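Chemist:
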Amino acid sequence: MESSVSIVKCKDYGEEKVLSALRQAIDLIGGIQAFVNKGSRARLGALASRRSPLGEAEGSRGKPRVLLKPNLLYGKSPEKAVTTHPSVVRGMIQIVREAGGIPFIGDSPSVGGLMRTAEKAGIKAVADEMKCPLVEFNRPTLPSKVEGKIFKQLEVDQAVLDAEVVINLPKWKTHAQMVLTLGVKNLFGCVPGPRKPLWHLRAGESRKAFAQVLLDLYRVVQPSLTILDGVVGMEGNGPGSGDPIPLGLILASKNALSIDLVVCDLLGIPRKSIPTNQVALEDGLGGDSIEVLGESIEASKISSFKLPPPFAVTWNLPGFVRKALKNALTSKPWIDDQLCEDCERCAEICPAKALKKTGEGLAFDYGECIRCFCCQEVCSSGAISIKQGWALKLVSRRPKVESRRK
Ligand code: SF4
Ligand code: SF4
């Protein structure tokens with residue numbers, strides 16, 4: 001089945017400009033009423049609990065409860081491009097209300113509580129001003145009748161299941177393990193905080209296995225609409241410590257995977273460069289044609305964008321050789337002591353317990369390390385970066401978009 005993705009240019013985060021770009025992007029794919037309407041209640045209604053974060057009264061009025069799921073990785077000011085910009089969240093609250101929906105904002109930051117994170121990211125001020133509830137994901141639930149392809153069941157937050165409509169609001173950023181975090185990856189935030197490292201551990205060292213977890217989660221959450229904040233994205237050492245880069249784009253689609261595929265086209269990289277795309281395409285998903293509406297790919301191409309370093313050499317080596325040469329063949333996390341603030345968050349989150357405090361500071365056990373890069377993701381001081389093994393360095397050929405923007 002063909003899906004459509006709209007591309008709209010938006011130069012900066014001026015509130016009126018963003019609101020207008022959001023309206024345009026949504027109108028191009030059918031208008032907000034196609035996503036927020038009374039009928040949408042039936043979609044996840046069977047999974048919803050009787051304990052909505054918005055209360056039964058509002059749900060019973062017949063208005064759909066609409067979860068706005070931004071990227072709230074951790075608390076940084078909007079200019080750092082770590083989180084979805086507050087102007088995008090503000091615009092979506094307005095648009096959802098105009099369509100008769102009851103919006104609420106929900107997420108589960110990797111570091112710190114939701115309120116603190118949202119405050120630093122400028123989203124709490126928007127939520128307070130617009131009287132839009134902020135809901136922290138801390139009620140892990142096993143949805144019934146939904147089975148993952150790799151794992152039998154995936155835990156998500158009850159608030160996600162309580163929403164009749166989920167609107168996914170990812171930020172366009174690089175990601176050490178998944179190359180880019182876009183529409184599909186953003187939904188990992190629907191897994192309550194402390195449960196996230198467990199999924200990394202279960203997926204182990206296989207990037208493909210973790211990508212499959214993300215796709216399974218995408219099937220569980222079923223966002224009705226995805227809007228990608230690519231006005232200013234992040235390149236380099238993402239998703240938490242990369243460099244902001246103006247991209248000037250907002251993308252919208254009812255299909256998050258289609259957005260991820262189109263972003264590869266915009267960057268001029270193969271669609272399979274992103275592990276979630278690769279797994280989806282191998283599973284026969286996302287292979288249909290995508291109709292691009294609004295701006296064309298050609299007119300919106302990003303000429304230079306710094307991707308993370310390659311992850312691993314993909315030679316077909318026997319398992320025991322791969323194990324022996326693991327450090328040479330893969331990228332690994334590395335700490336810059338000058339930048340480290342000794343907060344120990346990285347050690348706390350490490351699912352493999354491969355990072356420990358010793359008498360001489362933090363030390364990695366690279367034999368145990370599963371290369372999930374959770375440590376790098378939660379380091380808000382940018383002290384953890386990615387170092388390539390010598391063999392990987394030798395054979396790495398950087399995609400042409402990896403030159404830095406002048
Ligand atoms: S590397 Fe980063 S997360 Fe780890 S202790 Fe240092 S500052 Fe904290
Ligand atoms: S050290 Fe970092 S990359 Fe390695 S397993 Fe722990 S969190 Fe993941």
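Residue 1 is where the sequence shown starts when you use our numbering, and the numbers rise one by one after that.
We treat Cβ as the ideally placed atom computed from N, Cα and C, and that holds for glycine.
In this text, all values refer to a predicted model and were calculated from it rather than measured experimentally.
(1) Please state whether DSSP places Leu134 in a helix, a strand or coil.
(2) Going by DSSP, which residues form a beta bridge with Asp107?
(3) Looking at Val220 and Pro143, is the spacing between their C-beta atoms short of 8 Å?
(4) Taking C-beta to C-beta, are Gly248 and Gly242 nearer than 8 Å?
(5) Pair every Cβ in the region 63-75 with every Cβ in the region 99-116, then say whether three or more of these pairs are closer than 8 Å.
(6) For Asp216, count neighbouring C-beta atoms within 10 Å of its own C-beta (all shown protein chains included) and say buried if the count is 16 or more, exposed if not.
(7) Quick check: does the Cβ of Leu257 come within less than 7 Å of any heavy atom belonging to ligand 2?
(8) Would you tell me roughly how many angstroms separate the C-alpha atoms of Val232 and Trp172, rounded to the nearest one?
(9) Determine the extent of the beta strand (DSSP E) in which Asn168 is found, giving its start and end residues.
(10) Measuring alpha carbon to alpha carbon, tell me which residue in Asn255, Phe305, Lys272 is nearest Ile290.
(11) Could you say which of Glu79, Leu225, Ile150 lies nearest to Asp27 if we only look at CA atoms?
(12) So the alpha helix (DSSP H) Gly91 belongs to, where does it begin and stop?
(13) Count the CB pairs spanning the region 295-302 and the region 349-361 that are closer than 8 Å, and state whether there are at least three.
(14) So the alpha helix (DSSP H) Pro197 belongs to, where does it begin and stop?
(15) Excluding the 5 residues flanking Glu2 on each side, which residues of the same chain have their C-beta closer than 8 Å to its C-beta?
(16) Would you kindly check if the distance between the Cβ of Val96 and the Cβ of Val66 is under 8 Å?
(17) Write down the C-beta distance between Cys10 and Ile245 rounded to the nearest angstrom, noting that I regard them as a contact closer than 8 Å.
(18) Flag Ser20 as yes when its Cβ comes closer than 7 Å to any non-hydrogen atom of ligand 1, and as no otherwise.
(19) Please look up how many angstroms separate the CB atoms of Ala25 and Val36, rounded, as I've assumed it's under 8 Å.
(20) Relative to the C-alpha of Leu214, which residue among Glu79, Gln153, Ala163 is closest?
(21) Just to be sure I understand the criterion: a residue counts if its Cβ is closer than 5 Å to at least one heavy atom of ligand 2. Which residues meet that?
(22) Relative to the C-alpha of Gly204, which residue among Ala391, Cys369, Gly193 is closest?
(23) Grab the span of the alpha helix (DSSP H) containing Asp185 for me, first residue to last.
(24) For ligand 1, is there any heavy atom lying closer than 7 Å to the beta carbon of Arg23?
(25) Less than 6 Å between C-beta atoms, sequence neighbours within five positions excluded: which residues of the same chain meet that for Cys340?
(26) Taking the CB atoms as reference points, tell me whether Ile227 and Val88 lie closer together than 8 Å.
(27) Smallest Cα separation from Phe210: which of Ser6, Cys374, Val5?
(28) Where Asp12 and Asp229 are concerned, what is the direct C-alpha to C-alpha distance, given to the nearest angstrom?
(29) Hey, how far is the Cα of Arg195 from the Cα of Leu114?
(30) According to DSSP, Phe364 sits in a beta bridge with which residue or residues?
(31) In the DSSP assignment, what residue or residues form a beta bridge with Glu235?
Modeler: Answer, in terms of the structure:
(1) strand
(2) Glu136
(3) yes
(4) no
(5) yes
(6) buried
(7) no
(8) 8 Å
(9) 165-169
(10) Asn255
(11) Leu225
(12) 86-98
(13) no
(14) 196-203
(15) Asp288, Ser289, Ile290, Glu291
(16) yes
(17) The Cβ separation is near 15 Å, so there is no contact.
(18) no
(19) 15 Å between Cβ atoms; not a contact.
(20) Gln153
(21) Pro333, Cys350, Ala352, Ala354, Leu355, Cys369, Ile370, Cys372, Phe373, Cys374, Cys375
(22) Cys369
(23) At residue 185 the sequence reads Lys, which differs from the Asp that was named. Its alpha helix (DSSP H) spans residues 183-186.
(24) no
(25) Ala383
(26) yes
(27) Cys374
(28) 11 Å
(29) 16 Å
(30) Leu355
(31) Asp243
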